[in-house]
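**Student:** In this text, residue positions in the first sequence follow my numbering: the first is 47, and each later residue adds one. Even for Gly, the Cβ is constructed at its ideal location relative to N, Cα and C. Let me give you the structure first, and then I'll get to my questions.
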Amino acid sequence: MKIATWNINGIKARIEGLVTWLKQADPDLACLQEIKSQNEGFPSERFEELGYNVAVHGQKSFNGVAILSKRPFDETMTGLPGDESDVQARYLEAVVSVDGGVVRVASIYLPNGNPVDSEKFPYKLGWMDRLRDHIKGRLSFEEPFIIAGDYNVIPAEGDVHDPQAWAGDALFRPETLERFHALLNLGLTDAYRACHHQSHQYTFWDYQAGAWQKDNGIRIDHLLLSPQAADRLKSCEIDRFTRGWEKPSDHVPVWLKLDV
DNA sequence: ATGTCGATACTTTATCGA
Numbered sequence: 047m048k049i050a051t052w053n054i055n056g057i058k059a060r061i062e063g064l065v066t067w068l069k070q071a072d073p074d075l076a077c078l079q080e081i082k083s084q085n086e087g088f089p090s091e092r093f094e095e096l097g098y099n100v101a102v103h104g105q106k107s108f109n110g111v112a113i114l115s116k117r118p119f120d121e122t123m124t125g126l127p128g129d130e131s132d133v134q135a136r137y138l139e140a141v142v143s144v145d146g147g148v149v150r151v152a153s154i155y156l157p158n159g160n161p162v163d164s165e166k167f168p169y170k171l172g173w174m175d176r177l178r179d180h181i182k183g184r185l186s187f188e189e190p191f192i193i194a195g196d197y198n199v200i201p202a203e204g205d206v207h208d209p210q211a212w213a214g215d216a217l218f219r220p221e222t223l224e225r226f227h228a229l230l231n232l233g234l235t236d237a238y239r240a241c242h243h244q245s246h247q248y249t250f251w252d253y254q255a256g257a258w259q260k261d262n263g264i265r266i267d268h269l270l271l272s273p274q275a276a277d278r279l280k281s282c283e284i285d286r287f288t289r290g291w292e293k294p295s296d297h298v299p300v301w302l303k304l305d306v
């Protein structure tokens, strides 16, 4: 089973590129972030034509996550628990049946958190605390669970072209990394890191300042695995070639193969 | 060199968010 994550930065702007990639990459499950669309405006037909079932948690203008699945959804859940006042569409979870069990998957768009002296940074940290609490509960199910998405977290110095330049940024602040480690310490596995040891393998390059041409990137899109998913992990790769396409997203797809 | 994009609205340019 092939499971992918991609922050597409706007479904309307990216629909043709996304369909092209889906046809050639052919994932069984695709977690999308930053669809920047309400549920009503989401072009589900374009994916249903390709054999996908579609779950959307949308919002006008900003944020928004979706999951495409070749298998029907047994259940879906929208919104990260823990704060009734949080209306931002950043969390979608789904369960599908496979031979001999289920696979649970979450599509997450973790808050950026910049600027750090604004209310956005504590919102990010609080969201990470809530994510940890929620995932901790889910782990008691002992299922293969893949938490995939744009984490807006640079895990280590080897995941950024210029660590100095990012030192004070919300994506690389000690408070952020501390919470990312707390998440991993629940017993989760960073799928890409489990498959590859080389550093400077990025998933995002800014549109500005020729970042792509200079390979000035960061690795912030991750697939974290429950122990039951990690046991079945076969491979994990970054499709960096889409960054060179016409009208690219600033993020590229990351995918893994599970032996289920 | 804070140099680009995408979405939105009291729109055709400014604002926000990333």
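Keeping to the same chain, check which residues put their C-beta closer than 7 Å to that of residue 258; ignore five residues upstream and five downstream.
**Tutor:** By 1-based counting over the first sequence, the position of residue 258 is 212. Excluding residues within five positions, the ones whose Cβ falls inside 7 Å are 251 and 289.
**Student:** Taking the beta carbon of residue 79 as the centre, do at least 16 other beta carbons fall within 10 Å, making it buried, or is it exposed?
**Tutor:** One-based indexing of the first sequence puts residue 79 at position 33. Its Cβ being crowded by 16 or more others within 10 Å, residue 79 is buried.
**Student:** Please specify which runs of the beta strand (DSSP E), each continuous and at least 3 residues long, are wholly inside the region 137–208, giving them in chain order.
**Tutor:** Segments of the beta strand (DSSP E) lying fully in the region 137–208: 137–144, 147–155 and 191–196.
**Student:** I'd like the ranges of any beta strand (DSSP E) spanning at least 3 consecutive residues and lying wholly in the region 249–297.
**Tutor:** Qualifying beta strand (DSSP E) stretches, in chain order: 267–271 and 279–284.
**Student:** Going residue by residue through the region 93–128, where are the continuous beta strand (DSSP E) segments of at least 3 residues, counting only ones entirely within it?
**Tutor:** Fully enclosed beta strand (DSSP E) runs of 3 or longer: 99–103, 111–115 and 119–124.
**Student:** Can you check the region 60–97 for any beta strand (DSSP E) of at least 3 residues that lies completely inside it and give the ranges in chain order?
**Tutor:** List check, beta strand (DSSP E) in window: 75–79.
**Student:** Would DSSP call residue 213 helix, strand or coil?
**Tutor:** Your numbering for residue 213 matches position 167 in the first sequence. Looking at residue 213 - three-state DSSP - the assignment turns out to be coil, as it is neither helix nor strand.
**Student:** Look up residue 304 in the DSSP assignment and give the residues it is bridged to.
**Tutor:** Taking the first residue of the first sequence as 1, we reach residue 304 at position 258. Residue 304 pairs with 279.
**Student:** Can you name, in chain order, every residue of its own chain whose Cβ lies under 8 Å from the Cβ of residue 97, other than the five neighbours on each side?
**Tutor:** Against the first sequence, residue 97 aligns to sequence position 51. Here the set comprises 116.
**Student:** Return the first residue and the last residue of the beta strand (DSSP E) that residue 135 is part of.
**Tutor:** Here residue 135 refers to the residue found at position 89 of the first sequence. Premise fails: residue 135 is in no beta strand (DSSP E) and is neither H nor E.
**Student:** Pull up the distance between the alpha-carbon of residue 189 and that of residue 273, whole angstroms please.
**Tutor:** Within the first sequence, the letter at position 143 stands for residue 189. Within the first sequence, the letter at position 227 stands for residue 273. Residue 189 and residue 273: Cα-Cα distance of roughly 8 Å.
**Student:** Using beta-carbon positions only, say whether residue 151 and residue 49 come within less than 8 Å of one another.
**Tutor:** As a first step, residue 151 must be located in the first sequence, where it is residue number 105. As a first step, residue 49 must be located in the first sequence, where it is residue number 3. Against a cut-off of 8 Å, the Cβ pair of residue 49 and residue 151 comes out as a contact.
**Student:** Helix, strand or coil: how does DSSP classify residue 54 here?
**Tutor:** Within the first sequence, the letter at position 8 stands for residue 54. In the structure shown, residue 54 sits in coil (DSSP, three-state: anything other than H, G, I, E or B).
**Student:** Roughly how many angstroms separate the alpha carbons of residue 253 and residue 262, rounded to a whole number?
**Tutor:** To locate residue 253, count along the first sequence from 1; it is residue 207. To locate residue 262, count along the first sequence from 1; it is residue 216. Cα-Cα distance, rounded: 11 Å.
**Student:** Straight-line CA distance for residue 269 to residue 223?
**Tutor:** On the first sequence, position 223 is the one that residue 269 refers to. On the first sequence, position 177 is the one that residue 223 refers to. Looking at the two C-alpha atoms, the distance is approximately 16 Å.
**Student:** In angstroms, rounded to a whole number, what distance separates the CA positions of residue 72 and residue 276?
**Tutor:** Locating residue 72 in the first sequence gives position 26, where the first residue counts as 1. Locating residue 276 in the first sequence gives position 230, where the first residue counts as 1. Each residue's alpha carbon lies about 22 Å from the other.
**Student:** Going along the chain, which residues of its own chain have a beta-carbon closer than 7 Å to the beta-carbon of residue 266, five neighbours each way excluded?
**Tutor:** Residue 266 sits at position 220 when you count from the first residue of the first sequence. Cβ within range, chain order: 196, 197, 198, 199, 200, 217, 249 and 250.
**Student:** For the alpha helix (DSSP H) holding residue 226, just list the boundary residues, first then last.
**Tutor:** Locating residue 226 in the first sequence gives position 180, where the first residue counts as 1. Unbroken alpha helix (DSSP H) run through residue 226: 220–230.
**Student:** State the Cα-Cα distance for the pair residue 61 and residue 162, rounded to the nearest angstrom.
**Tutor:** The count along the first sequence starts at 1 and reaches residue 61 at position 15. The count along the first sequence starts at 1 and reaches residue 162 at position 116. Going from the Cα of residue 61 to the Cα of residue 162 covers about 33 Å.
**Student:** Have a look at residue 144 and residue 306 and give me their C-alpha separation to the nearest angstrom.
**Tutor:** Residue mapping note: residue 144 aligns to position 98 of the first sequence, counting from 1. Residue mapping note: residue 306 aligns to position 260 of the first sequence, counting from 1. Cα to Cα, residue 144 sits roughly 7 Å from residue 306.
**Student:** Expressed to the nearest angstrom, what Euclidean distance is found between the alpha-carbon atoms of residue 246 and residue 240?
**Tutor:** One-based indexing of the first sequence puts residue 246 at position 200. One-based indexing of the first sequence puts residue 240 at position 194. Rounded to whole angstroms, residue 246 to residue 240 spans 15 Å at the Cα level.
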